[in-house]
Each structure stands twice: as structure tokens, then as C-alpha cells.
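First to last, the sequence lines map onto chains A and E. Letter by letter, the first sequence follows residues 1 to 267 of full-length UniProt numbering. Letter by letter, the second sequence follows residues 1 to 267 of full-length UniProt numbering. Virtual Cβ for every residue (Gly too), placed ideally from N, Cα, C. Heads up: the structure comes next, in C-alpha cells.
Number of protein chains: 2
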Amino acid sequence: MATGRTHRPATRSRGIPEATVARLPLYLRALTALSERSVPTVSSEELATAAGVNSAKLRKDFSYLGSYGTRGVGYDVEYLVYQISRELGLTQDWPVVIVGIGNLGAALANYGGFASRGFRVAALIDADPAMAGKPVAGIPVQHTDELEKIIEDNGVSIGVIATPAGAAQQVCDRLVAAGITSILNFAPTVLSVPDGVDVRKVDLSIELQILAFHEQRKAGEESTGHEEGAGAVPQAPVAPHRTTAGGPGADSGRQGPDGDVPAVMPA
Amino acid sequence: MATGRTHRPATRSRGIPEATVARLPLYLRALTALSERSVPTVSSEELATAAGVNSAKLRKDFSYLGSYGTRGVGYDVEYLVYQISRELGLTQDWPVVIVGIGNLGAALANYGGFASRGFRVAALIDADPAMAGKPVAGIPVQHTDELEKIIEDNGVSIGVIATPAGAAQQVCDRLVAAGITSILNFAPTVLSVPDGVDVRKVDLSIELQILAFHEQRKAGEESTGHEEGAGAVPQAPVAPHRTTAGGPGADSGRQGPDGDVPAVMPA
DNA sequence: CCATGTGAACGGTTTCACAGCC
DNA sequence: GGCTGTGAAACCGTTCACATGG
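Listed below in C-alpha cells is the structure:
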């Protein structure tokens with residue numbers, strides 16, 4: 001009974017840990033900023049601060065890429081920018097299609113961060129015939145009927161789904177069938193894809209819910225605080241970017257150990 | 001350096017692991033769907049499939065909340081919906097302000113997922129005087145000058161930043177000074193906030209870059225051999241949905257700085 | 001000396017496998 | 001029998017601390 005064990009660690013090719021990969025774009029941006037200011041070198045400490053991580057982690061991350069630094073000195077900015085870009089595959093051009101040109105899709109199409117990082121919006125696709133031909137961010141929207149052709153003609157391998165939840169899986173299936181192997185999903189749905197296809201999801205409401213969880217906890221912790229937050233520290237200088245105070249402290253105060261709570265049962 | 005971290009005693013008895021918290025919204029969504037279809041109970045296996053995780057993980061996650069299931073049967077859908085909602089703090093109403101009403105801000109304002117989860121857009125704020133008064137998603141945009149007043153009057157504790165990178169830290173400082181203690185940041189900047197303030201970041205460009213990394217890897221792999229089956233498995237029906245390979249695990253957006261977001265604003 | 005690079009310790013997360021209960 | 005709940009093991013990621021080498 002294949003326990004679905006066929007999955008490989010995703011981080012297969014014995015190489016860079018997934019967690020490190022996820023931080024490379026972060027370092028890259030900090031480095032790009034330094035590069036623009038013509039800063040020649042940075043220490044792990046400085047770069048870490050700029051990227052919002054700690055220096056030990058940064059050095060460990062870089063150690064997976066190779067020994068690109070100079071002991072006693074630091075890292076050469078330009079060199080690192082190149083190395084990381086190459087590692088991420090950003091030295092090549094990635095055509096991307098965005099499906100679902102609603103508010104979000106339009107925002108994404110207008111997003112400048114794409115082009116500046118090796119991504120190129122090859123096409124905007126929407127199911128609404130009325131949208132066809134209308135230019136969004138300077139690119140004419142095409143109808144869903146053209147999806148397969150667009151992907152083939154442009155050799156697109158990355159697709160962005162910004163459709164309503166109901167259409168997401170269907171769009172996903174077509175994208176995959178057409179040859180897409182990486183998908184960025186903004187629709188609040190779990191997409192089913194065959195092995196070999198990568199899916200990353202961005203869910204706005206989930207992020208808010210996680211914040212709400214911590215917010216609730218803070219409130220409960222502050223006794224019966226009424227006017228909380230009145231004394232927020234102004235924070236002028238770039239203080240230790242310890243954004244989230246060491247994560248959720250997990251006080252024990254809330255909720256009894258055993259089932260409590262009014263049992264709201266299904267009617 | 002100032003090691004003055006406000007380290008909490010660490011997870012004691014009732015502390016729910018961060019990784020679990022991050023998945024609760026996922027379960028909640030799947031459960032809500034089941035609830036709407038009037039499904040009375042689900043097994044961990046079914047629910048896990050619907051949420052895109054494996055059942056062992058799901059059961060472990062639920063075990064942190066309490067013993068809400070029935071052995072040999074499964075979980076009562078309605079009851080679980082309630083329990084998770086309560087745990088996440090969604091049984092109360094969370095007023096939210098969105099700052100920066102460009103393309104993205106407008107998209108967020110129009111996003112239905114907020115309202116359906118206990119979040120209420122209390123106000124839309126933008127620095128452009130020309131925007132003032134204009135309704136977006138039925139809510140009139142207010143000028144930044146009103147920021148502090150709006151937050152106080154509405155008792156807002158969660159803020160969403162969708163401004164250009166350059167304005168983000170400044171807006172953040174004002175939000176925090178006004179009493180905001182949780183921030184969802186879409187701007188590509190590392191925000192500095194005082195202890196006690198939670199920041200989560202959503203970054204579009206980073207997600208794409210991570211996809212590019214894996215995409216590049218797939219391409220390179222194919223030339224050396226096909227044994228890895230880079231191609232999609234010919235599975236028409238819903239295959240094992242491993243939604244996100246290495247996806248935004250536990251901390252997709254936790255204070256991790258960096259991001260390149262669509263901050264489309266009045267330049 | 002200085003800051004990198006890294007083995008080793010540590011802590012959190014996932015998976016396993018089975019005991020417990022319906 | 002079926003499925004939950006959970007110790008224990010395996011795994012992964014982070015942090016520590018120091019050897020290494022410019």
C-alpha cells in the first residue's frame with residue numbers, strides 16, 4: 001500500500017536547505033540595496049541586520065553556497081549578488097502568466113518587482129470575454145481560450161493564479177496540462193497537482209488569522225487591559241530588528257487544561 | 001549586544017506550537033467547506049486530505065487543542081469549526097485598517113476573505129489627498145492625517161501596510177504609536193518595531209524567486225536523466241495533493257523581512 | 001586581530017507506530 | 001474493526017562557540 005511514501009524530501013538534490021533557499025531572496029534584496037549605494041563589502045553582521053536575520057544564520061546559509069567571503073573582511077557585495085542570483089536562477093528570464101485579472105491580478109500585473117528580478121509578465125489571462133483586449137499594466141488581457149497556446153508559444157513554466165477559489169483548480173489543471181511546472185496560488189484553495197509540479201500559496205486571510213491568534217493572546221495576557229498599547233515605544237533608530245518578540249511566548253494563562261467552553265453543537 | 005530579549009518562559013502546558021497555529025486557518029477553511037455541505041463528521045484522513053496535509057500531522061495539531069474527536073468515528077465538523085475559531089480568536093470582531101490604497105490596497109479592500117473570517121475593514125488610509133473621500137470597496141478613503149484618530153476611535157489593533165517601500169517604516173511607526181500591535185506588511189522592507197508588536201510579511205517576489213530556484217533545478221536535472229520523472233504523473237484524478245513542496249511551512253510570513261510587493265501608489 | 005566558516009549542541013517539527021477508546 | 005490521541009524516534013533548522021585563515 002504505497003503509503004504515498006514516494007515523496008522525496010523536496011530538498012532532494014543534496015544541496016541547499018529549503019529554509020536557506022527561502023532566505024536567499026531576502027539577502028539578495030539587501031545586497032542589491034547596498035550595491036546601489038556602491039558599498040563594496042559587508043560583514044555578515046551588517047548584512048544580517050539589513051536582511052532582518054541574525055549573523056550566525058546568514059553565515060550558515062552562505063556556507064551552503066560556498067566560501068564566498070573573506071575572513072577578517074566580509075563579503076564582496078557585487079560578487080554575492082551575482083552568486084545568489086545565479087543560485088536562484090535569476091540570471092535567466094522567466095516568462096510568467098497571470099490568470100485572473102481582477103483587483104489582485106491587476107495589482108500583480110502592475111507590480112514592478114517582477115521585472116526587476118528576472119520575471120517577465122508574458123501574458124494576462126481572464127475568463128471574462130469583456131476583459132479581452134483591454135490593456136492592464138500595458139498588456140492586453142487575453143481570453144482563457146488562448147491559455148494553452150500562450151503557454152506553449154512563450155515557453156512559460158511559471159503561472160500565477162489570481163482567480164476566485166472556485167475556478168482555481170480548473171485553471172491549475174489547464175496550466176499543468178499545458179506544461180506549467182511552477183504555480184503561485186493566490187486563491188484560497190488547496191490545489192491538487194501531479195508530482196513534479198511546485199505550488200506555493202499566498203493566502204491573505206491566513207496571515208491575518210495568525211495575527212489574530214497572537215493578538216488575542218496579548219489581550220488575554222494584559223490582565224483586563226483596557227487602553228492597551230497606549231505607550232508604544234516610538235522607535236526612531238533601526239533598533240535590533242527583533243520584529244516579533246521571540247515568537248509567541250506561550251504564556252500558560254489562557255484556557256483551562258481540559259475541555260471547557262460552551263459546547264456549541266451542530267443544530 | 002542588547003540581549004535584552006523579552007524571552008518568555010517558553011512553551012508551557014497550553015502553548016500551541018507556531019507551526020500548528022499556522023495550519024489552523026487551513027483546517028478551518030476545509031471544515032467550513034464541509035460545514036456548508038452539511039457534512040456532520042470527518043476523519044483525520046479526510047480532513048487532512050482536504051487541507052493538504054497528512055493525517056498524522058493533523059491529529060498531532062488537534063491534540064494541542066484538546067481531545068475534540070471521537071475514537072473510531074472522527075471529528076464533529078461544527079464543533080471543530082467552533083473550537084478552532086475560538087482558538088484563533090475569530091469569534092470576536094477584528095477591526096483592521098489598510099494603509100496605502102494603490103492597486104494592492106484596493107484589492108485587499110475588496111477581498112471577501114476578510115469579512116468572512118471575523119475581520120472588518122474599519123478604514124482605508126492613503127497619503128494622496130486626491131484619494132480622500134473616494135470610495136473603494138464601498139469605503140471612503142481617508143487621509144493619512146486621520147490615522148491616529150481612526151485607530152483610537154475604532155479600537156483597531158491590526159494594521160495592513162500596502163504602501164510603497166519608502167513609506168512603510170514611517171507608516172509603521174505611526175501605526176505602532178497609535179496603538180497597533182499587529183501588522184501585516186506588504187511593502188518590501190524590513191520593519192523595525194518595538195517588542196510586543198507582531199509583524200508578518202507577505203512577499204510576492206520572494207515566492208516567485210523560490211519557485212524559480214526549483215524550476216531551474218528541474219530543468220538542469222532533466223538533462224542528466226529522466227529517472228526523476230520531472231514530468232507530470234499521468235494522473236487525471238485528484239492525485240495526492242502535496243500542495244506546497246517546501247512551501248511556506250510554519251512561517252511563511254513571520255517577521256521575515258524582505259519582500260517586493262506591488263506597492264502601487266501615487267508615485 | 002578580525003570576521004568567516006563549521007562541527008556540535010540544541011530545540012522545534014514531523015513522522016512513526018501503537019495504545020486507548022468507541 | 002476503525003480512528004483518535006500520543007509517546008518516541010527521526011528529521012530539520014537554529015544557535016553556539018571556536019578553529020581557521022586572510
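Using the beta-carbon of each residue, which ones in chain A are nearer than 9 Å to residue i?
i	result
E:Asp93	By Cβ distance, chain A contributes nothing, its closest Cβ being about 10 Å from E:Asp93, past 9 Å.
E:Pro188	Arg29, Gly113
E:Ile125	Here the premise fails: no neighbours, minimum Cβ distance about 17 Å.
For residue i, does the three-state DSSP call read helix, strand or coil?
i	result
E:Asp196	At residue 196 of chain E the sequence reads Gly, which differs from the Asp that was named. If DSSP states are grouped into helix, strand and coil, E:Gly196 belongs with coil.
A:Ser67	coil
A:Gln209	helix
A:Ala19	helix
E:Pro164	coil
E:Phe119	strand
E:Asn54	coil
E:Tyr111	coil
E:Gln142	strand
A:Asp251	Only weak support is given to the placement of A:Asp251: the predicted model assigns it a pLDDT of 28, under 50, and the value that follows is read from those uncertain coordinates. Note: A:Asp251 maps to coil in three-state DSSP.
A:Val97	strand
A:His226	Residue confidence for A:His226 is low, a pLDDT of 36 falling below 50, so the modelled location carries little weight; the figure read from the coordinates is stated next. The answer is coil: DSSP assigns A:His226 none of H, G, I, E or B.
E:Thr49	helix
A:Val176	helix
E:Pro135	strand
A:Asp203	coil
Drop a sphere of 10 angstroms on the beta-carbon of residue i, count the other beta-carbons inside from all chains shown, and report buried for 16 or more, exposed for fewer.
i	result
A:Gly229	Residue placement at A:Gly229 is poorly supported in this model, since its pLDDT is 33, which falls under 50; the coordinates still yield a value, given next. Buried is the call here.
E:Ala19	exposed
A:Gln169	buried
A:Pro194	buried
A:Lys201	buried
E:Arg29	buried
E:Asp153	exposed
A:Ala50	buried
E:Asp145	exposed
A:Asp128	exposed
A:Gly246	Because the pLDDT at A:Gly246 is just 30, under 50, the model does not fix this residue reliably, and the point stays unresolved.
E:Arg23	buried
A:Arg217	buried
E:Glu207	buried
A:Gly155	exposed
E:Ser116	exposed
A:Ala130	exposed
Taking the Cβ atom as the reference point for each residue, do residue i and residue j lie within a distance shorter than 8 Å?
i	j	result
E:Leu90	A:Ala165	no
A:Ile180	A:Ile210	no
E:Tyr64	E:Ile139	no
E:Asp93	E:Gly113	no
A:Ala178	A:Glu215	no
A:Ile101	A:Val141	yes
E:Leu34	E:Val77	yes
E:Ile84	E:Ala162	no
E:Val42	E:Tyr75	yes
A:Val121	A:Ala109	yes
E:Val81	E:Leu31	yes
E:Tyr88	E:Pro135	For clarity, residue 88 of chain E is Leu in the given sequence; the question names Tyr instead. Not in contact: E:Leu88 and E:Pro135 (Cβ atoms no closer than 8 Å).
E:Ser55	E:Ser44	yes
E:Asn103	A:Ala106	yes
E:Gly52	A:Val190	yes
E:Leu204	A:Tyr27	no
A:Val197	A:Val171	no
A:Ile150	A:Ala123	yes
By the criterion of Cβ-Cβ separation under 7 Å, what are the contact partners of residue i in chain E?
i	result
A:Gly89	Ala212, Phe213, Glu215, Gln216
residue 268 of chain A	No answer is possible for residue 268 of chain A: it lies beyond the span of chain A, which begins at 1 and ends at 267.
A:Thr181	Glu215, Lys218
A:Arg174	Under the 7 Å cutoff, chain E gives no residues; its nearest Cβ is about 13 Å from A:Arg174.
So which residues of chain E does residue i contact, with C-beta pairs closer than 9 Å?
i	result
A:Ile161	Those within 9 Å of A:Ile161 in chain E number zero; the least Cβ separation is about 12 Å.
A:Leu80	Those do not exist, as A:Leu80 stays about 15 Å from chain E at its closest Cβ, beyond 9 Å.
List the residues of chain A that residue i touches, going by C-beta distances under 7 Å, in chain order.
i	result
E:Arg200	Glu207, Ile210, Leu211
E:Ala22	Ile210
Query - Against chain E: residues of the UniProt DNA-binding region "H-T-H motif" (26-65) of chain A by CB proximity under 9 Å - result: Leu26, Tyr27, Leu28, Arg29, Ala30, Thr49, Ala50, Ala51, Gly52, Val53
Requested in this report: Identify each residue in the stretch 133-161 of chain E for which the Cβ-Cβ distance to at least one residue of chain A is less than 7 Å, and report them in chain order.
Outcome: Ser157, Ile158
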